[in-house]
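Residue numbers (my numbering): 3 to 344. Single-structure report; data block below.
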Amino acid sequence: MSLPVGPPTARASFAALTAAFLAAALTACAGPAPTTASGRAPTAASGSAPAPSPAPAPRSPSAPAPAFVPGPASTPGAAAAAERAEFERLELDFDARLGLYAVDTATGREITFRADERFGYASTHKAFSAAAVLQRTPLDQLDRVVTYRQSDVVSDSPITAQHASTGMTLRAIMDATLRYSDNTGGNLLFRELGGPAGLAAALRAVGDTTSQVDRIEPDLNRVTPGDLRDTSTPRALANTLRAFTLGDALTPDKRKVLVDMMCANTTGNTDIRAGVPAGWLVADKTGSADYGTRNDIAVLWPPNRPPIVIAVLTDRKAKDDKYDNKLLAQATTAAVKALGAS
């Protein structure tokens, strides 16, 4: 993890650095500006439909630690029982299955609920697909234009659908995929990786032996209970997100590109973001699929303290069931409270 666990004095000494980092990050994430398919700001005469460009976001920590550092067991005793009861209540209230894993990188403390049960990961994979492309691509190559055909455009592709005739830069495709969950963008990232097997290899390289990657968009969202294809667990997704955003799986300049785009995400305002106090910085990636599947994975930066990494996954009993974002928001609030960070 990027912020070392140590005695209280060590953590206190890091607080000043964290405070300065967060202040700069909150200023930087004021809001993205639309761009053309090249990823650059449009002119009045450009005439092209806008493609997304990331707003500035926090620089990744400068001294990342290994991505997978075992933390202590979940809170023991009465506190753990109360936490579990709250998550069980949420499942009953929303008639859904809830999986959650959260870790406080300052202390290593974990909050878990069904953290090792499998869920369809849906579009949360896009954060990792983008990270895996960044791993293998020099930053100056992100401005390379990627071409594709109209026949490559699949459902839920609000940005790439506008540029099939011209193509888009790899940076703009990555940005559309992360900020707007553009499905064709996700498939173009798969193409850069050589297909699902390429993403699977990248996940294994950072220690994720749990996530199973099999299909592309939109088929990977056609989840079925008992089918292991395109599934993972809250613990695995959170740890993988931590590796790419806070650990050393990416170089600092590439981590910044990834976090910038996730900070500017437009699809998660009523999910994890809605469950944390005002003033927290959130970099997240949502996903949804059959059986009322709704997921969100995020890094949270509270003021004046190291980050929290969280994954909240949910699904329901019937294929056509609808999800409710309030479940994810309320589960996040409960987890943050349990960590003593709110």
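Here a beta-carbon is modelled for each residue, glycine too, at the ideal position from N, C-alpha and C.
- Within the region 248 to 307, the complete alpha helix (DSSP H) segments at least 4 residues long are 254 to 265, listed from N- to C-terminus.
- The bridge partners DSSP lists for Arg116 come to none.
- Here Asp232 carries a coil assignment [DSSP, helix/strand/coil].
- The C-alpha of Ile113 lies about 33 Å from the C-alpha of Arg138.
- By a beta-carbon distance limit of 8 Å, Gly228 does not contact Ala124. Their separation comes to about 17 Å.
- Annotated three-state conformation of Gly197 is coil, per DSSP.
- Ala104 is positioned such that its CB atom lies closer than 8 Å to that of Ala337.
- Thr235 is positioned such that its CB atom lies no closer than 8 Å to that of Thr272.
- Check the Cα spacing between Arg146 and each of Ala238, Thr168 and Ile161: the tightest is with Thr168.
- For the pair Ile161 and Asn189, the Cα-to-Cα distance works out to about 13 Å.
- In this structure, Asn327 lies near Arg296, with their beta-carbon atoms less than 8 Å apart.
- Counting along the chain, Arg99 sits inside the beta strand (DSSP E) bounded by residues Arg99 to Asp106.
- Three or more Cβ pairs closer than 8 Å define a contact, and the region 80 to 100 falls short of that threshold against the region 171 to 187.
- By the CB criterion at 8 Å, Ala276 and Ala320 fall outside the cutoff.
- Straight-line spacing of the CA atoms in Thr269 and Gly79 works out to 37 Å.
- Leu136 and Lys258 have their C-alpha atoms some 11 Å from each other.
- Using a Cβ distance threshold of 8 Å, Pro305 and Leu248 do not count as a contacting pair.
- Distance from Leu230 to Arg120 at the Cβ level is roughly 7 Å; contact confirmed, criterion being Cβ atoms closer than 8 Å.
- The straight-line gap separating the alpha-carbon atoms of Gly342 and Ala129 is approximately 27 Å.
- Within the region 177 to 225, the complete alpha helix (DSSP H) segments at least 4 residues long are 185 to 195 and 198 to 207, listed from N- to C-terminus.
- Taking each of Arg224, Glu194 and Leu239 in turn and checking the Cα distance to Asp210, the smallest one comes out for Leu239.
- Pairing Thr233 with Gly101 gives a Cβ-Cβ distance that is not under 8 Å.
- Using a Cβ distance threshold of 8 Å, Ala98 and Thr316 count as a contacting pair.
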